[in-house]
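Notes follow once the structure below has been shown.
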Amino acid sequence: MLAVNADDFGLAHGVNDGIIEAHVSGIVTSASLMALRPAASEAAALAHAHPDLSIGLHFEDDGSAELDAADKAKRAFTAQLERFRELVGRDPTHVDSHHHVHAQHLGIFRSLVEPLGVPLRHGGRVSYIGDFWGQPELAHVRRAFLLQLVSAEAGEGFNELCCHPARISDDLRSSYLHERAVELQTLTEPGLRDELESIGVTLVSFRAWTRGVGTA
147 MLAVNADDFG LAHGVNDGII EAHVSGIVTS ASLMALRPAA SEAAALAHAH
197 PDLSIGLHFE DDGSAELDAA DKAKRAFTAQ LERFRELVGR DPTHVDSHHH
247 VHAQHLGIFR SLVEPLGVPL RHGGRVSYIG DFWGQPELAH VRRAFLLQLV
297 SAEAGEGFNE LCCHPARISD DLRSSYLHER AVELQTLTEP GLRDELESIG
347 VTLVSFRAWT RGVGTA
């Protein structure tokens, strides 16, 4: 089982458009919402219009330095989770973070996410595939590499392939820019879903995990 999860939902209008296109016309099954970003409300509205796309929380470091790691994480996570609930109207189906900042304090974040009963990236419940990334090689976000990567790294049970599709828009500021457009092209290529299924992959969203499929 493979959830193809698009990070940075809500980062910019073009990111929102790209993720929805990659879901409707491609293989993206899930997305992670940056709940505090200006385009988050638009992203939430798009999520409501596309209920098959499962939505997780893409946690961001709030930049505070005066608190210890546990207090800082709890304060920031609680605020972002509440904003997520306001926007989406329900709990996230999964939790991860921008630039994997939570991975530095996995124990803290496990305790914060555990009451939600959903998987935390790098938390040991879902196998993470993170090498679909276009820097420094654009070839690593092309179709051939994607198929090779999934074939080599997806194991039995539940897996996540991380991606960052987008259309380039004026409000998108990122050091990872052109690569997003290439990802979108790859993720929406005709026949890609069939090729994945031919190597034994079943595309699912994180909602399948929360329904017990991933823990069976």
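Under our numbering, the first residue of the sequence shown carries the number 147, and numbering increases by one thereafter. Beta carbons are placed, not taken as given, at the ideal position from N, Cα and C, and that holds for glycine.
Name the two residues that bound the continuous beta strand (DSSP E) containing residue i.
{"i": "residue 273", "result": "273-275"}
{"i": "residue 202", "result": "200-205"}
{"i": "residue 241", "result": "241-243"}
{"i": "residue 152", "result": "148-155"}
Could you tell me how far apart the beta carbons of residue i and residue j are, in whole angstroms, since I believe they sit closer than 8 Å?
{"i": "residue 229", "j": "residue 152", "result": "Not quite, the Cβ-Cβ distance comes to about 19 Å (not below 8 Å), so this is no contact."}
{"i": "residue 191", "j": "residue 156", "result": "Not a contact, Cβ separation roughly 11 Å."}
{"i": "residue 307", "j": "residue 150", "result": "5 Å"}
{"i": "residue 239", "j": "residue 263", "result": "In fact, because the Cβ distance is near 10 Å, the residues do not count as touching under 8 Å."}
{"i": "residue 154", "j": "residue 310", "result": "6 Å"}
{"i": "residue 348", "j": "residue 147", "result": "5 Å"}
{"i": "residue 219", "j": "residue 254", "result": "5 Å"}
{"i": "residue 175", "j": "residue 200", "result": "7 Å"}
{"i": "residue 168", "j": "residue 179", "result": "Going by Cβ atoms, the distance from residue 168 to residue 179 rounds to 15 Å, so no, they are not a contact pair."}
{"i": "residue 338", "j": "residue 288", "result": "At roughly 11 Å, the Cβ-Cβ gap does not stay under 8 Å, so residue 338 and residue 288 are not in contact."}
{"i": "residue 273", "j": "residue 345", "result": "The Cβ separation is near 16 Å, so there is no contact."}
{"i": "residue 104", "j": "residue 247", "result": "Residue 104 lies beyond the range of the chain shown here (147 to 362); nothing can be said about it."}
By the 10 Å Cβ neighbour count, where 16 or more other Cβ atoms means buried, how is residue i classified, buried or exposed?
{"i": "residue 204", "result": "buried"}
{"i": "residue 265", "result": "buried"}
{"i": "residue 164", "result": "buried"}
{"i": "residue 197", "result": "exposed"}
{"i": "residue 224", "result": "exposed"}
{"i": "residue 333", "result": "buried"}
{"i": "residue 281", "result": "exposed"}
{"i": "residue 362", "result": "With a pLDDT of 33 at residue 362, under the threshold of 50, the modelled position of that residue is not reliable, and no figure is offered here."}
{"i": "residue 170", "result": "exposed"}
{"i": "residue 213", "result": "exposed"}
{"i": "residue 221", "result": "exposed"}
{"i": "residue 325", "result": "buried"}
{"i": "residue 353", "result": "buried"}
{"i": "residue 342", "result": "buried"}
{"i": "residue 323", "result": "exposed"}
{"i": "residue 300", "result": "buried"}
{"i": "residue 364", "result": "This structure cannot settle anything about residue 364, because the visible part of the chain is limited to 147 through 362."}
{"i": "residue 177", "result": "buried"}
{"i": "residue 172", "result": "buried"}
{"i": "residue 351", "result": "buried"}
{"i": "residue 245", "result": "exposed"}
{"i": "residue 183", "result": "buried"}
What residue does the alpha helix (DSSP H) around residue i start on, and which one ends it?
{"i": "residue 217", "result": "215-234"}
{"i": "residue 330", "result": "324-333"}
{"i": "residue 340", "result": "338-344"}
{"i": "residue 259", "result": "252-259"}
{"i": "residue 348", "result": "Note, residue 348: premise wrong, no alpha helix (DSSP H); not H, not E."}
(request) Could I get the ranges of all uninterrupted alpha helix (DSSP H) runs contained in the stretch 169-197, with 4 residues as the minimum, in chain order? (result) Whole alpha helix (DSSP H) segments, 4+ residues: 186-195.
(message) Could you tell me which whole beta strand (DSSP E) segments of length 3 or greater appear in the stretch 262-306?
(response) 273-275
(message) For the pair the stretch 258-274 and the stretch 313-325, tell me if three or more CB-CB distances fall below 8 Å.
(response) no
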